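Numbering (the working numbering), first residue to last: 1 to 322.
Think of the CB as a built atom: it goes at the ideal place given N, C-alpha and C, for glycine as much as any other residue.
Just so it is clear, the structure is predicted and the values come from calculations on it, not from any experiment.
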Ligand code: ADP
């Protein structure tokens, strides 16, 4: 990419230098033409005998020279603008496609890991159950772990499937009257069972919303899952759902490392993950927030991220009151 940028800038520099060179050459030629025309004027018109006629012809020649100069400059500037605009379009689309292909490569690496690790964990748990005659408590623990892993797998498959269906406009969203308060409460409860003591919620009861249960559940779960993935264990997470003027506001506030300002917009991009594969500790696909934003926008809402005080981030889903 750096080599391409350097070569591209060199080529652009060459084109601009060539245009300047041609502009200067044309101007020199124009001056030469003017001088020749003036000499031939002197041969035909005597400035002392007919000063008025000579002056008039000379002014005409100077006017022609100025108009030639104006023509070179305006045509040169127009061509330069066309070249620079074209160059900018080519450069940005090349950069975008390079970035997307790198993100897709990362996505494939992450997906392979995300699919393989729950399968491996489930296999190990099931083999242990098969091999040893464990007491009921241990058996239940292993079975519980299998369920957690299969839920993870299920969430990942749902994210991938729905993202591709929504992009292809093939997903037919249901329109049912839902109790958003109950939906949020249930999602928080599921996480509280998995991570006891970490989640607290302040949910206004009886908030209804017409939409697709699966999509809204995915949007909420993606935010909750991220708080677990990107914050130190044991740190608290607060979830709230409230009515504010003409909106419903669902807030998920954590006390993790937070998200730097320059990354706040990017994290909603497809396959986008902060950092790179070597420095990231947590695996993921970069689809969660992308999908969440598509879902929320579909309902005319928006999702934003702010800094939490003193540390962490706050994700806010704002939906219009229907
Ligand atoms: P994934 O979790 O699969 O990487 P997401 O789209 O859910 O994909 O998140 C994109 C990126 O945003 C993550 O890779 C992570 O770097 C960052 N991120 C998301 N949520 C949080 C959070 N609560 N705290 C810090 N970083 C976060």
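6 Å Cβ shell around residue 149 - same chain, five flanking residues per side excluded | If you number the chain shown from 1, residue 149 lands on position 149. 118, 121 and 122.
Would you say residue 284 touches the ligand ADP, meaning its beta carbon is less than 7 Å from a heavy atom?
-> Residue 284 sits at position 284 when you count from the first residue of the chain shown. Residue 284 Cβ: within cutoff of the ligand ADP.
Is DSSP giving residue 178 helix, strand or coil here?
-> Counting from 1 along the chain shown, the entry for residue 178 is found at position 178. If DSSP states are grouped into helix, strand and coil, residue 178 belongs with the strands.
So what does residue 252 bridge to, in DSSP terms?
-> On the chain shown, residue 252 is found 252 positions in, with the first residue counted as 1. Its beta-bridge partners are 239 and 315.
Residue span of the beta strand (DSSP E) that contains residue 302, given as start and end | Against the chain shown, residue 302 aligns to sequence position 302. Segment 302-307, the beta strand (DSSP E) holding residue 302.
Ends of the beta strand (DSSP E) at residue 44?
-> Within the chain shown, residue 44 is the residue found at index 44, counting from 1. Counting along the chain, residue 44 falls outside any beta strand (DSSP E), though it belongs to the alpha helix (DSSP H) covering 2-44.
Same chain only: Cβ atoms within 7 Å of residue 238, ignoring 5 sequence neighbours per side | Walking along the chain shown from the start, residue 238 turns up at place 238. Closer than 7 Å at Cβ, skipping near neighbours: 200 and 253.
Sort out for me which residues DSSP pairs residue 268 with in a bridge.
-> For the purposes of this step, residue 268 is identified with residue 268 of the chain shown, where counting begins at 1. DSSP output for residue 268 lists no bridge partner at all.
Where residue 275 sits in the DSSP three-state scheme | Numbered from its first residue, the chain shown carries residue 275 at position 275. Of the three classes helix, strand and coil, the one that applies to residue 275 here is coil, per DSSP.
Say the cut is 7 Å; is the CB of residue 81 nearer than that to a heavy atom of the ligand ADP?
-> Numbered from 1 along the chain shown, position 81 holds the residue referred to as residue 81. No - the ligand ADP has no heavy atom lying nearer than 7 Å to the Cβ of residue 81.
Bridge-paired residues (DSSP) for residue 244 = For the purposes of this step, residue 244 is taken as the residue at position 244 of the chain shown. DSSP output for residue 244 lists 247 as bridge partner(s).
Taking one C-beta from the region 307-318 and one from the region 219-234 each time, how about it: are there three or more such pairs within less than 8 Å?
-> Per the Cβ contact rule, the region 307-318 is in contact with the region 219-234 (3 or more Cβ pairs under 8 Å).
Which one or two residues does DSSP pair with residue 320 in a beta bridge?
-> The sequence position of residue 320 within the chain shown is 320, counting from 1. Residue 320 is bridged to 247.
Helix, strand or coil for residue 259, going by three-state DSSP, please let me know.
-> Mapped onto the chain shown, residue 259 falls at position 259. Three-state DSSP puts residue 259 in coil, outside helix and strand.
For residue 105: DSSP bridge partner residues | Reading the chain shown from its first residue, position 105 is the one you call residue 105. Paired residue(s): none; residue 105 is not in a bridge.
Taking the Cβ atom as the reference point for each residue, do residue 287 and residue 271 lie within a distance shorter than 8 Å?
-> If you number the chain shown from 1, residue 287 lands on position 287. If you number the chain shown from 1, residue 271 lands on position 271. Yes, Cβ-Cβ distance for residue 287 and residue 271 is below 8 Å.
Does the pairing of the region 171-185 with the region 130-148 give three or more beta-carbon distances under 8 Å?
-> no
Would the beta-carbon of residue 226 be found less than 7 Å away from any heavy atom of the ligand ADP?
-> For the purposes of this step, residue 226 is identified with residue 226 of the chain shown, where counting begins at 1. For residue 226, the distance from the CB to the nearest heavy atom of the ligand ADP is below 7 Å.
According to DSSP, which residues form a beta bridge with residue 202?
-> As a first step, residue 202 is located in the chain shown; it is residue number 202 there, counting from the start. For residue 202, which the question treats as bridged, DSSP gives the partners 240.
For the beta strand (DSSP E) that contains residue 211, what are its first and last residues?
-> By one-based count along the chain shown, residue 211 stands at place 211. Start and end: 208-211.
Indicate whether the contact test is met: 3 or more Cβ pairs, each with one atom in the region 124-133 and one in the region 155-174, closer than 8 Å.
-> no
Under the assumption that residue 255 contacts residue 233 (Cβ atoms under 8 Å), give the Cβ distance between them as a whole number of angstroms.
-> Residue 255 sits at position 255 when you count from the first residue of the chain shown. Residue 233 sits at position 233 when you count from the first residue of the chain shown. With 8 Å as the limit, residue 255 and residue 233 do not qualify as a contact, their Cβ atoms being about 12 Å apart.
Output yes or no for whether 8 Å exceeds the beta carbon distance between residue 24 and residue 83.
-> The residue you call residue 24 lines up with position 24 of the chain shown. The residue you call residue 83 lines up with position 83 of the chain shown. Result no, Cβ atoms of residue 24 and residue 83 do not sit closer than 8 Å.
Under 7 Å from any heavy atom of the ligand ADP, does the C-beta of residue 203 make it?
-> The residue you call residue 203 lines up with position 203 of the chain shown. No, since every heavy atom of the ligand ADP falls outside the 7 Å radius drawn around the Cβ of residue 203.
What three-state label does DSSP hand residue 234 in the structure shown?
-> Taking the first residue of the chain shown as 1, we reach residue 234 at position 234. Three-state result, residue 234: coil.
What did DSSP end up calling residue 169 once you bin it into helix, strand or coil?
-> Indexing the chain shown from 1 puts residue 169 at position 169. Here residue 169 sits in coil by DSSP.
Collapsed DSSP secondary structure at residue 118 in the structure displayed | Position 118 of the chain shown holds residue 118. In this structure, residue 118 counts as helix in the three-state DSSP scheme.
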